[in-house]
Every structure is written in C-alpha cells, then in structure tokens.
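Protein chains in written order, with my numbering: chain A, 31 to 247; chain B, 31 to 247; chain C, 31 to 247.
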Amino acid sequence: MPAVRLLLVLDLAGVFAFALDGALTAIRSARVDIVGVMVLGVITAMGGGVLRDLLLGVTPATFQDWRYLAVATAGALLAFFLSRQLTHLARPIALLDAAGLSLFCVIGATKALEFGFGPVQATILGAITGVGGGTLRDVLMNRIPTILTLDSHLYAIPALLGAAIVVAAAIGGIGAWWVAVAAALVCFALRVGSLRYRWRAPAPRNFGSGPGPPETG
Amino acid sequence: MPAVRLLLVLDLAGVFAFALDGALTAIRSARVDIVGVMVLGVITAMGGGVLRDLLLGVTPATFQDWRYLAVATAGALLAFFLSRQLTHLARPIALLDAAGLSLFCVIGATKALEFGFGPVQATILGAITGVGGGTLRDVLMNRIPTILTLDSHLYAIPALLGAAIVVAAAIGGIGAWWVAVAAALVCFALRVGSLRYRWRAPAPRNFGSGPGPPETG
Amino acid sequence: MPAVRLLLVLDLAGVFAFALDGALTAIRSARVDIVGVMVLGVITAMGGGVLRDLLLGVTPATFQDWRYLAVATAGALLAFFLSRQLTHLARPIALLDAAGLSLFCVIGATKALEFGFGPVQATILGAITGVGGGTLRDVLMNRIPTILTLDSHLYAIPALLGAAIVVAAAIGGIGAWWVAVAAALVCFALRVGSLRYRWRAPAPRNFGSGPGPPETG
Numbered sequence: 031m032p033a034v035r036l037l038l039v040l041d042l043a044g045v046f047a048f049a050l051d052g053a054l055t056a057i058r059s060a061r062v063d064i065v066g067v068m069v070l071g072v073i074t075a076m077g078g079g080v081l082r083d084l085l086l087g088v089t090p091a092t093f094q095d096w097r098y099l100a101v102a103t104a105g106a107l108l109a110f111f112l113s114r115q116l117t118h119l120a121r122p123i124a125l126l127d128a129a130g131l132s133l134f135c136v137i138g139a140t141k142a143l144e145f146g147f148g149p150v151q152a153t154i155l156g157a158i159t160g161v162g163g164g165t166l167r168d169v170l171m172n173r174i175p176t177i178l179t180l181d182s183h184l185y186a187i188p189a190l191l192g193a194a195i196v197v198a199a200a201i202g203g204i205g206a207w208w209v210a211v212a213a214a215l216v217c218f219a220l221r222v223g224s225l226r227y228r229w230r231a232p233a234p235r236n237f238g239s240g241p242g243p244p245e246t247g
Numbered sequence: 031m032p033a034v035r036l037l038l039v040l041d042l043a044g045v046f047a048f049a050l051d052g053a054l055t056a057i058r059s060a061r062v063d064i065v066g067v068m069v070l071g072v073i074t075a076m077g078g079g080v081l082r083d084l085l086l087g088v089t090p091a092t093f094q095d096w097r098y099l100a101v102a103t104a105g106a107l108l109a110f111f112l113s114r115q116l117t118h119l120a121r122p123i124a125l126l127d128a129a130g131l132s133l134f135c136v137i138g139a140t141k142a143l144e145f146g147f148g149p150v151q152a153t154i155l156g157a158i159t160g161v162g163g164g165t166l167r168d169v170l171m172n173r174i175p176t177i178l179t180l181d182s183h184l185y186a187i188p189a190l191l192g193a194a195i196v197v198a199a200a201i202g203g204i205g206a207w208w209v210a211v212a213a214a215l216v217c218f219a220l221r222v223g224s225l226r227y228r229w230r231a232p233a234p235r236n237f238g239s240g241p242g243p244p245e246t247g
Numbered sequence: 031m032p033a034v035r036l037l038l039v040l041d042l043a044g045v046f047a048f049a050l051d052g053a054l055t056a057i058r059s060a061r062v063d064i065v066g067v068m069v070l071g072v073i074t075a076m077g078g079g080v081l082r083d084l085l086l087g088v089t090p091a092t093f094q095d096w097r098y099l100a101v102a103t104a105g106a107l108l109a110f111f112l113s114r115q116l117t118h119l120a121r122p123i124a125l126l127d128a129a130g131l132s133l134f135c136v137i138g139a140t141k142a143l144e145f146g147f148g149p150v151q152a153t154i155l156g157a158i159t160g161v162g163g164g165t166l167r168d169v170l171m172n173r174i175p176t177i178l179t180l181d182s183h184l185y186a187i188p189a190l191l192g193a194a195i196v197v198a199a200a201i202g203g204i205g206a207w208w209v210a211v212a213a214a215l216v217c218f219a220l221r222v223g224s225l226r227y228r229w230r231a232p233a234p235r236n237f238g239s240g241p242g243p244p245e246t247g
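If you want it as structure tokens, here you go:
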C-alpha cells in the first residue's frame, strides 16, 4: 500500500472516530433528534478541517470529497443506532479520539506549510484542525468548549506539540514520513497520558493555588 | 415579469420573512436592545447564504447586494417597532418562514450545482442555505439550535428533501423552472404538515421509545 | 515616524488591549485553563478582523502577520499571570478597549472600501471588525454577546458611527488621515460617554417603557 493511500486511510479513520464520538456526546448531553445527532457528528469530524481551510483562504477540501462525508455519516449513524451499546466502549472510543486528534494536527500543519504559511501559523492551524470540530460541536450544544476548560485534561496542548514537531522538522529540512509518525505518536501519548494520570494545564490564579478544583466532568 | 425577476422577488420575500421571524424570536427570548434585534434579524435572514458561500469558497454574494441588506433591515425594524402586534400573527409568520425555507433550499442547491459541486454536497449546501441563518441566531442567543432538537418538528429534513429533488432532477437532465417550484412545494408542505400534525424526526433510543418526551416548545 | 508605521503601532495597541481585556473576561467568568485564556484572548483581539476578511472573500490578513499574533499572545499571557493585579485596573482597561474599538472600526471600513465594497457594506464591515472578536469570545464562553444586550451600554453603535464617518468622507472625496482620526475620536467619545453616563440603546417595547430594567452588569 503506497504512503498516500495509507495517509488517506488513517485520515478517514480519524474522521470516523470523531464522528462517532461527536454523535455520542450529542446523544448523551442534549435533547437532539436524528438531525441533531447527524449534524453534530459530522461537524465534529469535519469542522476542524473546514475552519483550517477558511483560515488558509481555500475552498474547504474535505467537504468536497465524498469519502469524508460518507465516513463521517457512517460514524454518526452508527452512534445513533447503537448508542446504548457504545456507551460501554467509552475507553476505546477515547483512544480512537486521541488517534484522530494526532492525525489531524499533523495533517493540518503539513497542509498549512504547503500553502506557504509561517511556522507559528502552521502550528496553530494544525491544532485548529485537531480541536476545531469538537469546539464547533460544543458551541452548537450550548456549552463552553471543553478544550478551553480544566475538564478536558490536556487536549489542545498535545495537538499544538504534534503540529510544532512537524513544523520544526520542516524548518530543519526534514519532511520524511517518520517525522509525521513521531509527531503523531507524541501527541497521542501526551493526550492518553493526561487522561490516565489526570494531568491538567495550569489555570489562572483566581481559582486558587491549592489542590485544584473538584472534578466536575 | 421575467423568471429571473420573479426569483429575485421570491428570494427577497424569504429574506423578509426570516428577518421578521428572527427579530421576533430575539425580542421574545432575550434581553436585547435595538442592536441585538437588528443583528439577530439580519443574521437569521442572511446567515444561511453566507455560510453556503463560505463553503463554496466564494465571496458571500447576498452580503454584497444592497437589496438583500435593505429588505432584511426592513423586516427586523418592523419587528422592533411592532413586536406586540406581531405576536398575534404567529401563524402567518410561521407560514412565511416555511416559504423562506423552501425557497432558500432550492436556490442554495441550484447555486452549489452551478459551481460544480457534487450531488451530496449540493443537497447539504441547499439545506444549509435554508437552516443556517436560524442556527447562527440560536447560537448567538445562547441556546441549542432548534433544528437539532425535537422541538423544531421537521425543519432540516424538508430542506434536505427540497434540495435533493432539485439535485436529482439536475442529474436526470431536468433543470426546468417547474422542478424548482415542485421541490419548494414539497419542502413547504412537509414543513407545514409537521407543524400541523406534530410530526417529529426519530430520536436516539436514550430518550425512551414510549409516547415521546413532553412538549416544551 | 511615517503615517503607515503610526497606523501599525496604533493597530497593534488595539490588538493588545483587546487581548488583555478578552483574557481577563475569560478568567473572571469561566473555569478556563491557560489554553482557554490564551484562545479567548487571541480570538477577542483577532476575531473581528478574521470575520471581516472572510466576508470580504480574502485570506485573513492579520492571522498571517506574526506581529499581530505575537502582540495578542503577549496581552493574553500578561492577563494570565497578572489577573489579580489587573482587576484593579478595570477603568484604564475599559479605555484601552474603547480605543481598540475606535481604531478597528476605522481600519475595517477603510479596508472594505479599498476592496470595492459599497458604503453600507463598508460601514457594517467596519463595525464587525470592531465588535466581532468580543462576539466570538462571548459565544465561546457560552453567553449572549454583550453587544446585543442592554448590558453593553453603547458599543456597536459607536463602531457603526465611526465607520460611517470614514465611508461618508470617502464618498465625498475626502480620504485624508485627519478624517480617520476624527472618526475614531467620535467613536471613542461616544463609547466612553455611554459608560460614564450609562446611555443605552432603545429596547423593544416588550421590556416595558418605564425606568428601564435593573442593572445587571
């Protein structure tokens, strides 16, 4: 299997994971009907790429590719019909979601570099590719995006780190496939580690410097 | 009156209905001032077309045409000054809103096809043209967009169906004006029927399969 | 110091003020971590310009200029580390925010005119440049954008007025730098005056025509 095809398969796997996770989140947290489940699942899966492309100034690409729409729709439909059974699979779904985050931040940063954006912008656009879909979903579900709060453990920071590794390697003249793999693995490990060990990003001092706020999510 | 001019008049009627309805919703539900009424009315009327154009990758067209802005502003101003009187006209306003939805989904799908987008994308973009403005308004008013919930009865589904009819006819080589009229009528009838007979889209099983949730809206 | 450089310095001062104010608002009102503070600060500072450029149909320009990102990041970081001390500086920060609003509406309207947009559109785009960032921040913080409500006193209206003055002068053939300065000063004075004397925009009659609603913000 050539590398381009492998990348497509991995990207579609990320889309599937995000759609499944986004649709399940919608079912758990809001009084949505099938339209809401499908819309929120597809937006979780494809919103990050669309936001990135709008900031790049290009026509949103994933939206034009029917394979992305089909895979996102399949993930959301699966969540709709099997929501009860999937509730017991929270842990593997969280791993899939971390895998999607890792792939998206690497792919997003790579695309931004290809379009000639600077290193800081490419890093940010990589992270936006990873976290933008879930952020749009949370806004539509009328809650503060979890990536902005302490409840998400580390989510945006692994995406920024993964994107930054790709960008730093590109500046150093290294654009090999194993850099992308390594960057995705670092993002994945940091995300999963933060879930496992309950790492959190620092919070502003207004919230006290003691043992931290109680768990709410 | 030539067909192009008729289409413009119908489109502007839809903009007017959406602006009126959006502004009245704002007045009813939030502690807004005249800026809020105008902004929410105009966004309800023009947001769907702007979202569609951003996804098409073109400069938002309706925003550039002063007639759309003028008609949307007039609808929102009317709601501001006559909000009490208009409260008694909920039923005709709901019909106007359904007419706007029907026109927008047909026009949006047609525009997406003209720009060379695929059938699935054109159907989705038609629906987004119809429902996007109200969705943006609800997000700004800090509530879950009603089109995602059971409270809206059928709203996105008629828009998807209307857009799909236009797209299917275009694939079959039929681009006549009566196809657009028929598609709009199907969307309109399904929307109004769902309000009259309280049809709802299926909900995920988490909400129980009994007699359905109590009416809240 | 040539005029172009002065304009850049003023623009960056506005970005700094908006980032500081946006980050402090986030710290005060939501359970955010450092990611949330940085994201909300930077979006407050740069969101208005990005929205304007999306509506103009051009690649968001401020996002591509590293100086804007650097200054916005610095403002948000300062708020993160010095949030307690800065709480006592609410008044000078409100003045800085009014200065940012005044600069942004003038710069936004000028840019829209340069791209050939009509007078009404240029006025609206100027106002969006000024108020768009705070609106996006409020949406992400899960509250109704204050510019839509009575709580903001006059905020969008000074921005519209400042932009309208630039546009009217341009129509009259006057594009001199002192017009821009005068427009910004009018916007600034009206904004600060509305805070000092608690001016409000009219509200729809549903809220009663008595002495007005109680202060909530």
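C-beta: ideal position from N, C-alpha, C; glycine also.
All values derive from a computational prediction rather than experimental measurement.
Secondary structure remark: continuous alpha helix (DSSP H) runs of at least 4 residues inside the segment 54 to 100 of chain C, in chain order: 64 to 86, 91 to 94. Taking a Cβ-Cβ threshold of 7 Å, the residues of chain C close to B:M171 are I174, in chain order.
Three or more pairs of CB atoms, one per stretch, sit closer than 8 Å, so the segment 157 to 177 of chain B contacts the segment 156 to 174 of chain A. For the segment 87 to 108 of chain B, the set of positions with a beta-carbon nearer than 9 Å to some beta-carbon of chain A reads G87, V88 in chain order. For A:G205, there is no enclosing alpha helix (DSSP H), as DSSP marks it with neither H nor E. Going by DSSP, B:T165 is part of the alpha helix (DSSP H) stretching over 149 to 170. Around the CB of C:Y227, fewer than 16 other CB atoms lie within 10 Å, so the residue is classed as exposed. In terms of beta-carbon proximity, B:D63 lines the interface with chain C, with at least one pair separated by less than 9 Å. Using beta-carbon distances, C:I177 counts as an interface residue toward chain B, with a partner under 9 Å. For a Cβ distance threshold of 9 Å, nothing in chain C lies close to B:L42: the least Cβ distance comes to about 16 Å.
Cβ-Cβ distances below 6 Å link C:G44 to G130, L133, F134 in the same chain, with the five nearest sequence neighbours on each side left out; the list follows chain order. With a cutoff of 9 Å on beta-carbon distance, C:Y185 and C:I177 are scored as near each other. By the C-beta density criterion, B:L36 is exposed, having fewer than 16 other C-beta atoms within 10 angstroms. For B:F110, the nearest CB of chain C lies under 9 Å from its own CB, placing it at the interface with that chain. Interface flag for C:G138 against chain B is unset, since no Cβ pair is found closer than 9 Å. Annotation: B:G162 has no Cβ neighbours in chain A at a cutoff of 7 Å; minimum Cβ distance is about 11 Å. As computed with DSSP, A:T176 is found in no beta bridge at all. Residue-level contact check: A:P122 does not touch chain C, since none of the beta carbons of chain C fall below 9 Å from its beta carbon.
Taking the C-beta atoms as reference points, C:G52 is found no nearer than 9 Å to C:V39. Taking each of B:P232, B:V136, B:F111, B:L86 in turn and checking the Cα distance to B:A198, the smallest one comes out for B:V136.
The alpha-carbon separation between A:F46 and B:G79 amounts to approximately 28 Å.
Sixteen is the threshold: when 16 or more other Cβ atoms of the shown chains lie within 10 Å of the Cβ of A:G66, as they do, the residue is buried.
Fewer than three pairs of CB atoms, one per stretch, sit closer than 8 Å, so the segment 94 to 105 of chain C makes no contact with the segment 157 to 166 of chain C. Just so you know, the alpha carbons of A:V222 and C:A210 end up roughly 52 Å apart.
Taking CB atoms only, B:L119 has no neighbour in chain A less than 9 Å away. Its Cα nearest to that of A:A91, the residue B:L85 stands out among B:A200, B:L85, B:D127. Of all residues in the segment 216 to 240 of chain C, only R230, A231, P232, A233, P234, R235, N236, F237 place a beta-carbon less than 9 Å from a beta-carbon of chain B. Of the other Cβ atoms in all chains shown, 16 or more fall within 10 Å of the Cβ of C:Q151; this residue is therefore buried.
When the Cα atoms are used, A:L112 and A:D127 turn out to be separated by approximately 18 Å. Check the Cα spacing between A:Y98 and each of A:F145, A:L108, A:I123, A:D41: the tightest is with A:D41.
Under the DSSP assignment, C:F134 falls in the alpha helix (DSSP H) whose first and last residues are 120 to 144.
Note on A:H183: 16 or more other CB atoms within 10 angstroms of its CB, so buried under the neighbour-count rule.
C:Y185 sits in coil when the DSSP states are folded into three classes, being neither helix nor strand. Chain order gives the chain A residues near C:G66 as L178, T179, where near means a beta carbon separation below 7 Å.
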